[in-house]
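Here is the structure we will look at.
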Ligand SMILES: Cc1ncc(COP(=O)(O)O)c(C=O)c1O
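The structure is reproduced here in structure tokens:
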């Protein structure tokens, strides 16, 4: 793998951009190398400045479920570009988007578009507080909901890798109403509700966490969280920024048969362009300005390009439900291939996967919580990551991230990835 031009660019970038990147995980901090600087991507492949081709399992951290440079999406975007980029006025595209999401996700009666997942969770929490008249929020250790101040407590992902579970610059007065519970631990939730129950506005959770690596909630845990939130008249906010339209057309909530009060979306609904959204019960969403007293706004919210790319992507998924069966088949094939290598070479590693989201943890024990994830051998992951990159497979550069499979990954891609994983696992652990 050549990396000269990327190295040069990274040196330049570090002079003008903090850490050389516009989002921390891209700096490859724990990998001890310059990140490849990307020039283009097509289908399942991504290409860097140094002329290397990789099979891409980052997929822009989730949005690219169809793969890169999809003609259907590009053609519609070109049509929209000819009609100008943004108006700051309502458009038919926004109505189409709201109606489509409502049709696909039954828990959504009204929805508001924003520009990122962070904005979606931040706004959902404000609405939950406004609606209930309560201040406290419960979140789970290792769940990441973006970089909103009050949620930057024991967050996963970038915050985890950087070793700063809570960020500096966030006053204690802001997080004093955030209570952290243990994921998949009903006792920890119960204890918090017994103490603070009538002051809790909402519980926010990732249904399948992708930000401490892939760690799914158990069905029992999900049912319990729904039950206790109802009992105490607190809202349940399900953060489907990553899982929404990825794990199933009607999102992870359909797999768990759970009806949240508010759902947050992002990533796939923008088809690769900046987006976020939050929606839920009509009575709750009618608290939002200009109908209700909870203020929330955005210059570029619902902008025509994001709506166009998102609509094409969602309509494709709706019209081609076999995509999900195929993602499951390819995910299972990749998982089995890697598990076989783990067994053959007797490695202390385990794979977690739900549909097209997957993580290889260097841990002997099954990973079910943030505590389990933190015990993984991250140094071994770094070695594995580099070996995979050298073999032409581009994985997320951290143990606590998710590999995403797209509709563009072919069986040939999966076979090659398994072959690389076998070699990588054998060499890095010997
Ligand atoms: C579950 C979840 N919520 C919220 C966010 C924040 O989204 P964004 O990065 O678009 O602000 C992310 C980002 O990865 C996420 O995975």
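Numbering (my numbering), first residue to last: 1 to 430. In this text, a Cβ means the ideal position worked out from N, Cα and C, and glycines have one as well.
Cβ-Cβ distance between residue i and residue j below 7 angstroms
i, j, result
"residue 216", "residue 238", "no"
"residue 154", "residue 138", "no"
"residue 118", "residue 213", "no"
"residue 36", "residue 48", "yes"
"residue 167", "residue 152", "yes"
"residue 392", "residue 54", "yes"
"residue 105", "residue 309", "no"
"residue 307", "residue 110", "no"
"residue 280", "residue 115", "no"
"residue 425", "residue 345", "yes"
"residue 311", "residue 33", "no"
"residue 418", "residue 356", "no"
"residue 229", "residue 347", "no"
"residue 177", "residue 135", "yes"
"residue 341", "residue 246", "no"
"residue 323", "residue 407", "yes"
"residue 208", "residue 243", "yes"
"residue 314", "residue 100", "yes"
"residue 222", "residue 258", "yes"
"residue 333", "residue 414", "yes"
"residue 197", "residue 224", "no"
Residue i beta carbon near ligand 1 (any heavy atom closer than 6 angstroms)
i, result
"residue 241", "yes"
"residue 402", "no"
"residue 167", "no"
"residue 206", "yes"
"residue 145", "yes"
"residue 116", "yes"
"residue 266", "yes"
Same chain, Cβ closer than 7 angstroms to residue i, neighbours up to 5 away in sequence not counted
i, result
"residue 161", "With a pLDDT of 40 at residue 161, under the threshold of 50, the predicted position of this residue should be treated as unreliable, though the coordinate-derived value follows. Same-chain partners within the cutoff: 25, 29, 30, 398 and 400."
"residue 466", "Outside the shown range of the chain, which is 1 to 430, sits residue 466, and nothing can be said about it."
"residue 219", "256"
"residue 226", "236 and 258"
"residue 107", "253, 259, 260, 263 and 280"
Nonlocal neighbours in the same chain, by C-beta distance under 6 angstroms from residue i, ignoring five residues either side
i, result
"residue 302", "94 and 113"
"residue 287", "127, 130, 131 and 294"
"residue 199", "134 and 136"
Other residues of its chain near residue i: CB distance less than 8 angstroms, five sequence neighbours each side excluded
i, result
"residue 376", "213, 361, 362, 363, 367 and 399"
"residue 125", "137, 148, 150, 151, 201, 202, 204 and 237"
"residue 4", "50"
"residue 27", "19, 20, 21 and 35"
"residue 163", "Caution applies to residue 163, whose pLDDT of 34 falls short of 50 and renders its modelled position unreliable; the model cannot decide the point."
"residue 387", "420, 423, 424, 427 and 428"
"residue 351", "335, 338, 339, 342, 358, 359, 360 and 361"
"residue 188", "181 and 182"
"residue 2", "50, 51 and 52"
Closest Cα partner of residue i within the set the options
i, options, result
"residue 353", "144, 337, 221 and 347", "337"
"residue 38", "68, 308, 18 and 365", "68"
"residue 186", "421, 426 and 369", "369"
"residue 389", "420, 339, 257 and 135", "420"
"residue 383", "2, 322, 427 and 41", "427"
"residue 90", "300, 65 and 102", "300"
"residue 85", "15, 304, 268 and 373", "304"
"residue 70", "371, 267, 271 and 208", "271"
"residue 409", "44, 333 and 371", "44"
"residue 296", "233, 6, 123 and 42", "123"
"residue 88", "380, 14, 298 and 10", "298"
"residue 432", "40, 52, 75 and 76", "The shown model of the chain, from 1 to 430, leaves out residue 432, and the question about it has no answer."
"residue 266", "191, 61, 15 and 14", "61"
"residue 6", "371, 23 and 52", "52"
"residue 283", "269, 262 and 274", "262"
"residue 192", "234, 15 and 371", "234"
Any non-hydrogen atom of ligand 2 within 6 angstroms of residue i CB
i, result
"residue 420", "What this structure holds is ligand 1, not ligand 2."
Chain D within 7 angstroms of residue i, Cβ atoms only
i, result
"residue 283", "Of the chains in the structure shown, none is chain D; there is only one protein chain."
Practice task
Count the CB pairs spanning the region 349–365 and the region 381–400 that are closer than 8 angstroms, and state whether there are at least three.
Solution key: yes
Handout entry: the region 248–256 in contact with the region 77–84 per 3-pair CB rule at 8 angstroms
Key = no
Problem - Contact the region 138–148 vs the region 316–327: 3+ CB pairs below 8 angstroms - result: no
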